[in-house]
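Residue numbers (our numbering): 6 to 70.
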């Protein structure tokens, strides 16, 4: 699908908008592509900062289990 391939317009990182919103592992590739394409279309320093903050929050949450 064009939606999936469009997400390759940016370099992959350690985390992303789809991942911090719970879409990782065995989840819908189309849904992950939708989140990745949202990130591409709406990129800003604030969105990157939000992803970093959400990633740190997830790290602390996963450490408590």
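For glycine and all other residues, C-beta sits at the position ideal for the given N, C-alpha and C.
Annotation: residue 25 to residue 47 spans about 16 Å, alpha carbon to alpha carbon. Around the Cβ of residue 51, a 10 Å sphere holds fewer than 16 other Cβ atoms; the residue is exposed. Sixteen is the threshold: when 16 or more other Cβ atoms of the shown chains lie within 10 Å of the Cβ of residue 22, as they do, the residue is buried.
Counting along the chain, residue 35 sits inside the alpha helix (DSSP H) bounded by residues 34-46. Residue 14 sits in a helix when the DSSP states are folded into three classes.
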